[in-house]
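Trainee:
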Amino acid sequence: MGEFDDAFGSVRKWLVGAIVLYFALVLYGILTGSETVQLVAHAFFGCIAVGMGGMLVRHASEQSPTMAAGVALVAGGLAQFGWIATGSAALGDVATVGVLFGIGLYIFDVRFKN
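Numbered according to numbering that gives the first Met the number 0, the sequence shown terminates at residue 113, and the numbering increases by one at each position without gaps.
1. Measure the alpha-carbon distance for G103 versus A68 and round it to whole angstroms.
2. So, using beta-carbon positions, are A78 and G97 closer together than 8 Å?
3. Rank K112, H58, G28, G50 by C-alpha distance to the C-alpha of M75 and give the top, closest one.
4. With three or more beta-carbon pairs closer than 8 Å as the criterion, would you say the region 80 to 92 touches the region 24 to 44?
5. Counting along the chain, where does the alpha helix (DSSP H) carrying Q37 start and finish?
6. Report the residue from D108, A71, K112, Y105 whose alpha carbon sits nearest the alpha carbon of D92.
Below is the structure:
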């Protein structure tokens, strides 16, 4: 996984920038009351989740916490898009749980690796 660790170092900068942009969009949307900006922020959140989840799945070994984290993030991101399209509260909840579960599994894997 050396290649993954090297790639993740450069991706980490992108991820931090994306998260900062997401929170900036959320804050701007709240302060201005712009539903369009809030919608863009929600879509961007889904893109971040799917992108990070896909990267984890691609580089994870089978049946590992990293694989489960990636799948949960992708599922959460896709549910986010479903929530945007339908307004379904259930899909919103699935998106939240999927992303939180994915983040938790990833932290667990990194923290307790070896």
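Cβ coordinates follow ideal geometry from the N, Cα and C atoms, glycine included. Note that the structure is a prediction, hence the values are computed from the model and not measured.
Mentor: Quick look at the numbers:
1. Working through the sequence shown from its first residue, we reach residue 103 at position 104. Working through the sequence shown from its first residue, we reach residue 68 at position 69. Roughly 8 Å separates the two Cα atoms.
2. Indexing the sequence shown from 1 puts residue 78 at position 79. Indexing the sequence shown from 1 puts residue 97 at position 98. Taking 8 Å as the Cβ cut-off, A78 and G97 qualify as a contacting pair.
3. Position 76 of the sequence shown holds residue 75. According to the sequence as given, residue 75 is Gly; it is not Met. Of K112, H58, G28, G50, the residue nearest in Cα terms is G50.
4. yes
5. Within the sequence shown, residue 37 is the residue found at index 38, counting from 1. Where Q37 is concerned, the enclosing alpha helix (DSSP H) stretches over 34 to 58.
6. If you number the sequence shown from 1, residue 92 lands on position 93. Checking every option, the nearest Cα to that of D92 belongs to A71.
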